[in-house]
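Per the numbering used here, the sequence shown starts with residue 375, numbered consecutively. The beta carbon of each residue, even a glycine, is placed where N, CA and C say it ideally should be.
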Amino acid sequence: MSVEEGLGRAAQACRAMGLAKSSYYRASEESAESEEKKQRIKELSERHPRYGYRRIRAMLKRGGMKVNAKCVQRVRRAEGLQVSRKQRRMKRVGVSTSERKRAEENNAVWSWDFVHDQTEGGGNFRILTLLDEYSRRCLAVHVGRSIRAVDVITVVEAAFARYGKPQHLRSDNGPEFIAYAVQDWLEDSQVKTMYIKPGSPWENGHIESFHDKLRDECLNREMFGSLREAAVVIEQWRCEYNHCRPHSSLGYQTPEEYAYRQTNRVDGGYAPPNPAPLAAAGVWGNKGATARQPVKTNNQQMAELQF
Numbered sequence: 375m376s377v378e379e380g381l382g383r384a385a386q387a388c389r390a391m392g393l394a395k396s397s398y399y400r401a402s403e404e405s406a407e408s409e410e411k412k413q414r415i416k417e418l419s420e421r422h423p424r425y426g427y428r429r430i431r432a433m434l435k436r437g438g439m440k441v442n443a444k445c446v447q448r449v450r451r452a453e454g455l456q457v458s459r460k461q462r463r464m465k466r467v468g469v470s471t472s473e474r475k476r477a478e479e480n481n482a483v484w485s486w487d488f489v490h491d492q493t494e495g496g497g498n499f500r501i502l503t504l505l506d507e508y509s510r511r512c513l514a515v516h517v518g519r520s521i522r523a524v525d526v527i528t529v530v531e532a533a534f535a536r537y538g539k540p541q542h543l544r545s546d547n548g549p550e551f552i553a554y555a556v557q558d559w560l561e562d563s564q565v566k567t568m569y570i571k572p573g574s575p576w577e578n579g580h581i582e583s584f585h586d587k588l589r590d591e592c593l594n595r596e597m598f599g600s601l602r603e604a605a606v607v608i609e610q611w612r613c614e615y616n617h618c619r620p621h622s623s624l625g626y627q628t629p630e631e632y633a634y635r636q637t638n639r640v641d642g643g644y645a646p647p648n649p650a651p652l653a654a655a656g657v658w659g660n661k662g663a664t665a666r667q668p669v670k671t672n673n674q675q676m677a678e679l680q681f
């Protein structure tokens, strides 16, 4: 500024700042392509503030843009877009001795669990999540003030109709999962259960990791005015998670892409609807085109009477 205002010479200003005179006279040679990359990195980083530079780079590559990971990291650092997160270390209370079943194909092992949140007015609600451990797909989310064993059966039964039955279902020892109605229904459906040891959440690591992403990228960023708004926003995030979010453990493929390449099955080019609200409306089947009232088994009738 002093040189432009005539208060000094360029040589003196460059000497004071430790710069070569050529750097003052030489115009910037940054290409339009480089500027476009920077702008795109900033847009994606601001849209997804909890994504790291590796995942941002994966999204750029999916969009057909060639970019180096170090370039993405450098731009984000210069713009102050780096993700900083302090994690609290948790000490294990014991070592699990149970054999852990590992998913080796789609529908081999599903995990289900609950996560809690609240609306703007302070009303608490619960979220039932259902996850395929092999493809990391979130198969269903169900939001409610109170979720009973009968509600759990309804949501999972709709997921069975849409995605097929799993071989095993992994969960903790919550009252909704160990209820006699749930156990009898799963036995009738020929689905084996796997319960983790009490106080050992690391034995159900896939669903715990999913809940961490759900809370970090959705629940901690949104202020829910009502239960209905929470259900809509969380369902939108579920579709984005399955179809748009690159997953590092899947080679930065989305869960739907990974599941498709493993089964070579086309989904029809649209996001599969969430089975949870469809089940409540009585809609069943692969594409949700037909509606019928589910036939209630004796166990389900007993469950309704019990709850």
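Residues near residue i by beta carbon distance below 7 Å, same chain, minus five either side
i      : result
Cys618 : Thr628
Arg424 : Val457, Asp590, Glu591
Glu596 : Val607
Ala633 : Asn480, Ser509, Arg511
Ala605 : Val517
Member of the options whose CA lies at the smallest distance from the CA of residue i
i      : options                        : result
Arg500 : Asp487, Gly438, Ser396, Lys440 : Asp487
Arg510 : Leu588, Thr493, Ala553         : Leu588
Phe534 : Gln564, Glu631, Tyr626, Gly548 : Gln564
Ala482 : Val489, Met439, Leu505, Glu494 : Leu505
His516 : Tyr508, Val526, Gly625         : Val526
Ala477 : Glu531, Gln541, Ser408         : Gln541
Gln492 : Val441, Arg421, Ser520         : Ser520
Tyr508 : Trp484, Leu543, Asp586         : Trp484
Ala514 : Ile608, Pro620, Ala385         : Ile608
Gly437 : Pro620, Ala406, Leu502         : Pro620
Thr528 : Glu453, Met439, Leu560         : Leu560
Gly497 : Met439, Ser623, Arg602         : Arg602
His422 : Glu614, Ser622, Lys395         : Glu614
Helix, strand or coil at residue i according to DSSP, with G and I counted as helix
i      : result
Asp586 : helix
Thr637 : helix
Gly438 : coil
Gln456 : coil
Lys566 : strand
Arg383 : coil
Asp546 : coil
Gln541 : coil
Ser470 : Because Ser470 carries a pLDDT of 39, less than 50, the predicted location of this residue cannot be relied on, and no value is offered for it.
Gln680 : Interpretation of Gln680 is limited by its pLDDT of 43, a score under 50 that renders its predicted location unreliable; the figure taken from the coordinates is listed afterwards. In the structure shown, Gln680 sits in a helix (DSSP, three-state: H, G or I).
Residues near residue i by beta carbon distance below 6 Å, same chain, minus five either side
i      : result
Val446 : Ile415, Tyr427, Ile430, Arg431
Glu550 : Ala523, Val526
Val449 : Lys412, Ile415
Leu455 : Ser419
His585 : Val489
Leu434 : Val441
Gly599 : Glu494
Leu593 : Asp491
Ala553 : Ala523
Val530 : none
Glu582 : Pro575
Glu630 : Asn616, His617
Range covered by the alpha helix (DSSP H) that runs through residue i
i      : result
Phe551 : 549 to 552
Ile527 : 523 to 537
Arg421 : 406 to 421
Buried versus exposed call for residue i [16 or more other C-beta atoms within 10 Å across all chains shown]
i      : result
Leu393 : exposed
Arg612 : buried
Asn547 : exposed
Pro572 : exposed
Asn616 : buried
Tyr537 : buried
Glu417 : exposed
Val467 : Bear in mind that a pLDDT of 43 at Val467, under 50, signals an unreliable position, so the number given afterwards is only what the model happens to contain. Its Cβ having fewer than 16 others within 10 Å, Val467 is exposed.
Glu453 : exposed
Ala555 : buried
Thr503 : buried
Ala532 : buried
Glu410 : exposed
Glu407 : exposed
Host beta strand (DSSP E) of residue i (start-end)
i      : result
Leu502 : 498 to 506
Ala514 : 512 to 518
His617 : Counting along the chain, His617 falls outside any beta strand (DSSP E), though it belongs to the alpha helix (DSSP H) covering 601 to 617.
Phe488 : 483 to 492
Contacts around residue i, its chain only, beta-carbon distance under 8 Å, and the 5 residues preceding and following it disregarded
i      : result
Ala539 : First, the residue type needs correcting, since residue 539 is Lys and not Ala in the sequence shown. The residues are Asn481, Ser563, Gln564, Val565.
Ser545 : Ser485, Trp486, Asp487, Phe551, Thr567, Met568, Tyr569, Ile570, Asn578
Ser405 : none
Lys395 : Ala384, Ala385, Cys388
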